[in-house]
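Each remark here refers to the structure printed beneath this line.
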């Protein structure tokens, strides 16, 4: 029997919560899911920049998505994770990695790409808020990683390093 197509089963996503609402990140952008850890602070960065840590020989910046979106820090629960994502998909495997502190980031689900729809509120909406879809549990919205940082914060967290 042939394997189901990607369209029939949907794209794999990591599901998480922001307040009472569900959000999703495409698993193709997720590098690794880690437990919470101690972070080095970044002086003069926005409050939602949680800090930095060294991972596999690289300094990785981390933002607290709850603080960024809701104005309050993520709750330090066993289901709160540091999710490493590729920040610039055009660079593929060479993309800088960004850490996201996400609450209830313990489940994955398959969401059909064609079922995502614009919210109708895109004008004035934050760049990181992607399209929505409805499933048996209600609405779920995709987060667009590339829209999380403006140019100033991107420059602060991903300083250019000379290439060898």
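Numbering (my numbering), first residue to last: 97 to 260. We put the beta carbon where it would ideally sit given N, CA and C, even for glycine. Computed from a predicted model, the values in this text were never measured in an experiment.
>> DSSP has residue 131 in a bridge; who is on the other side?
In response: Answer by DSSP bridge pairing, in chain order: 177.
>> So within the region 128 to 215, which uninterrupted alpha helix (DSSP H) runs reach at least 4 residues, ignoring any that extend past its ends?
In response: Scanning the region 128 to 215 from its first residue to its last, the whole alpha helix (DSSP H) runs of 4-plus residues come out as 161 to 166.
> Which word fits residue 125, buried or exposed, when buried means at least 16 other C-beta atoms lie within 10 angstroms of its C-beta?
Replying inline: For residue 125, the number of other beta carbons within 10 angstroms of its own is at least 16, and it is reported as buried.
>> Short of 8 Å in beta carbon distance, which residues of its chain neighbour residue 158, apart from the five on each side in sequence? Order them along the chain.
In response: Here the set comprises 135, 145, 146, 147, 148, 149, 178, 194, 195, 196 and 197.
>> Using 8 Å as the threshold, is the C-beta distance between residue 168 and residue 175 below it?
In response: Not a contact, by the Cβ cut-off of 8 Å.
> When the Cα of residue 205 is compared with those of 132, 252 and 121, which residue comes out closest?
Replying inline: Of the listed residues, the one whose Cα sits closest to residue 205 is 121.
> Do you know how far the Cα of residue 184 is from the Cα of residue 244?
Replying inline: Straight across, the Cα-Cα distance linking residue 244 with residue 184 is about 11 Å.
> Taking the C-alpha atoms as reference points, what is the distance between residue 249 and residue 165?
Replying inline: Each residue's Cα considered, the two are about 15 Å apart.
> Do the CB positions of residue 107 and residue 207 come within less than 8 Å of each other?
Replying inline: Yes, Cβ-Cβ distance for residue 107 and residue 207 is below 8 Å.
> Using the rule of at least 16 other Cβ atoms within 10 Å of the residue's Cβ for burial, across every protein chain shown, is residue 261 buried or exposed?
Replying inline: Shown here, the chain extends from 97 to 260; a query on residue 261 therefore has no answer.
>> Among 141, 210 and 241, whose alpha-carbon lies nearest the alpha-carbon of residue 82?
In response: This structure gives no information on residue 82, because the portion of the chain shown stretches from 97 to 260.
> Hey, would you say residue 237 sits closer than 8 Å to residue 119, going by beta carbons?
Replying inline: Less than 8 Å divides the Cβ of residue 237 from the Cβ of residue 119.
> What residues match up with residue 107 in a beta bridge as DSSP calls it?
Replying inline: According to DSSP, which records beta bridges pairwise, residue 107 is partnered with 207.
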